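Chemist:
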């Protein structure tokens, strides 16, 4: 069983799609967003400038030595939408495994242009809630 939350949802899906058949019983994932879609990037990015200029910029940077640099997720993504509770948001914005995490430029580039694996696209969930 694999679990992925936020960007980890799609990452979990990609890992499951590449796993040999029969090795996983299932995945629990949230936020299966296709970042190749401009509307999705507009809604999930920190702001419109990041949504529109960030993908081409990370694409260029990923081909240079700057690919190993890290970038705060709170500037790349709309981390302000993680929770409705202000007290919870204060905790999440300081949590290095959550909104205070930093990711590599190469990861940002690949996550925003990699399509879902075509051979095993999700259909209907086997069970829910």
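Numbering (this note's numbering), first residue to last: 33 to 161. Heads up, the beta-carbon is just placed ideally off N, CA and C, and yes, glycines get one too. Only a predicted model underlies this, so the values are computations on that prediction, with no experimental measurement involved.
Helix or strand or just coil, what does DSSP make of residue 34?
Modeler: strand
Chemist: Could you tell me the alpha carbon to alpha carbon distance between residue 159 and residue 44, rounded to whole angstroms?
Modeler: Residue confidence is low: residue 159 scores 48 on pLDDT, short of 50, so the model does not pin down where it sits. Its coordinate-derived value is still stated next. So the two alpha carbons sit approximately 17 Å from each other.
Chemist: Extract the residue ranges of the alpha helix (DSSP H) inside the region 79 to 157, only unbroken runs of 4 or more that lie entirely within it.
Modeler: Counting whole runs of 4 or more residues, the region 79 to 157 contains the alpha helix (DSSP H) stretches 80 to 93, 105 to 108, 118 to 126, 137 to 143.
Chemist: Beta-carbon separation of residue 135 and residue 99 under 8 Å?
Modeler: no
Chemist: Rounded to the nearest angstrom, what separates residue 93 and residue 60 at their Cα positions?
Modeler: Approximately 32 Å between the Cα atoms of the pair.
Chemist: Return the first residue and the last residue of the alpha helix (DSSP H) that residue 40 is part of.
Modeler: 39 to 50
Chemist: Could you name the residues of the same chain whose beta carbon sits closer than 6 Å to that of residue 90, not counting the 5 residues immediately before and after it, in chain order?
Modeler: 137, 140, 141
Chemist: For residue 60, list the residues DSSP reports as bridge partners.
Modeler: 35
Chemist: On a Cα-Cα basis, can you pick out the residue from 108, 119, 122 that is closest to residue 80?
Modeler: 108
Chemist: Of the choices 112, 120, 66, whose alpha-carbon is the least far from that of residue 40?
Modeler: 66
Chemist: Going by the CB atoms, is the gap between residue 125 and residue 119 shorter than 8 Å?
Modeler: No. Outside cutoff.
Chemist: Should residue 145 be labelled buried (16 or more other beta-carbon atoms within 10 Å of its own) or exposed?
Modeler: exposed
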